[in-house]
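So the structure is just underneath, and the comments pick up after that.
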Amino acid sequence: MFDVDGVVIRRPGGRSWDADLEADLGIDPAALGRRFFAVHFGDVVLGRADLFDRLDVVVPALGGISSRELVDYWFARDAHLDERLLNDLGEARARGLDVHLATVQEHHRARYLWDTLGLRRYFASMHYAADVGHVKTEEGFYRVVESRTGLRPAEHCLVDDTQENVSAAEREGWKAVLWTPESRLEHVLGMVTPGIRDGG
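Going by our numbering, the first residue of the sequence shown is number 1, and it counts up by one from there.
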């Protein structure tokens, strides 16, 4: 089970997608953070509210663009795929490794990642927060995923760049590996007990 942001998707130079938001679209990223992400995104990412419904409440007060323009900008600038990892995963999957995504996404970006960026070519499925109803720090995330794969907890492995998620997965009986910018798939596979079928 591979995380998306920070693992499959990298941010060159550590730059956030909104680093040039004010220069490009005239929206202060700090204001967007306060008014949208801090207030609304929790409901959106768990599937309790639609992304555009909540952005439509906020965006008109921030600048002269539409919610669609903001989302198109956001998704396109948060889409730098780690091609080396994807190539390695493609080879591993051809050898029989069962590779899935486990990620905290809302419905619209999940579809963008899966269909527009084409992650469906590399992964068997995507387990994401808005669909599962939980984030990766919650027990429910792991129980739902296990019910879908039909595997025992110890037969799963989460590869994630956030220690909090790695610790949560281990607490729920999964294998887990902390991914860093220096990580390589062959090293991750070497750290995992042989026999793991679901993830890397």
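Glycine included, every Cβ here is placed at the ideal spot set by N, Cα and C.
Return helix, strand or coil for residue 122, following the three-state DSSP convention.
On the sequence shown, residue 122 is found 122 positions in, with the first residue counted as 1. Three-state result, residue 122: coil.
Taking the alpha carbon of residue 78 as the reference point, which residue from 189, 133, 14, 146 has its own alpha carbon closest?
Along the sequence shown, read from residue 1 onward, the residue named residue 78 stands at position 78. Residue 14 is the option with its Cα nearest to residue 78.
Kindly indicate which three-state DSSP category residue 103 falls into: helix, strand or coil?
Mapped onto the sequence shown, residue 103 falls at position 103. Three-state DSSP puts residue 103 in a strand.
Return the residue from the list 55, 74, 110 that minimises the CA-CA distance to residue 24.
In the sequence shown, residue 24 corresponds to position 24, counting from 1. Nearest of 55, 74, 110 to residue 24, Cα basis: 74.
Please classify residue 78: does DSSP put it in a helix, a strand, or coil?
Along the sequence shown, read from residue 1 onward, the residue named residue 78 stands at position 78. Three-state DSSP puts residue 78 in coil, outside helix and strand.
Do you know offhand how far residue 102's Cα is from residue 2's?
The sequence position of residue 102 within the sequence shown is 102, counting from 1. The sequence position of residue 2 within the sequence shown is 2, counting from 1. Cα-Cα distance, rounded: 6 Å.
Which complete alpha helix (DSSP H) runs does the region 114-166 hold, if anything under 4 residues is left out?
Runs found: 129-132, 139-149.
Given a threshold of 16 other Cβ atoms within 10 Å of its Cβ, counted over all protein chains shown, does residue 39 qualify as buried or as exposed?
If you number the sequence shown from 1, residue 39 lands on position 39. Classification for residue 39: exposed.
Can you give me the C-alpha to C-alpha distance between residue 51 and residue 128, rounded to a whole angstrom?
For the purposes of this step, residue 51 is taken as residue 51 along the sequence shown, with counting starting at 1. For the purposes of this step, residue 128 is taken as residue 128 along the sequence shown, with counting starting at 1. About 15 Å.
Between residue 82 and residue 105, what straight-line distance do the alpha-carbon atoms span, to the nearest angstrom?
Start at 1 with the first residue of the sequence shown, and residue 82 comes out as number 82. Start at 1 with the first residue of the sequence shown, and residue 105 comes out as number 105. Their backbone Cα atoms lie some 18 Å apart in a straight line.
Quick check on residue 38: does DSSP put it in helix, strand or coil?
Here residue 38 corresponds to residue number 38 of the sequence shown, with the count starting at 1. Three-state DSSP puts residue 38 in coil, outside helix and strand.
With 16 other CB atoms within 10 Å as the buried threshold, where does residue 91 fall?
Residue 91 sits at position 91 when you count from the first residue of the sequence shown. Its Cβ having fewer than 16 others within 10 Å, residue 91 is exposed.
Return helix, strand or coil for residue 177, following the three-state DSSP convention.
Counting from 1 along the sequence shown, the entry for residue 177 is found at position 177. If DSSP states are grouped into helix, strand and coil, residue 177 belongs with the strands.
Do you know whose CA, among 170, 164, 125, lies nearest residue 148's CA?
For the purposes of this step, residue 148 is taken as residue 148 along the sequence shown, with counting starting at 1. Checking every option, the nearest Cα to that of residue 148 belongs to 125.
Could you check what DSSP says for residue 43 in three-state terms: helix, strand or coil?
In the sequence shown, the residue the question calls residue 43 occupies position 43. Note: residue 43 maps to helix in three-state DSSP.
Hey, residue 113 and residue 4: beta-carbon distance below 8 Å or not?
Here residue 113 is taken as the residue at index 113 of the sequence shown, counted from 1. Here residue 4 is taken as the residue at index 4 of the sequence shown, counted from 1. Result yes, Cβ atoms of residue 113 and residue 4 sit closer than 8 Å.
Kindly list the residues whose CB is nearer than 8 Å to the CB of residue 110, restricted to its own chain and excluding five residues on each side of it in sequence; keep chain order.
Translated into positions along the sequence shown, residue 110 becomes position 110. The answer, listed in chain order, is 103, 126, 128, 130, 131.
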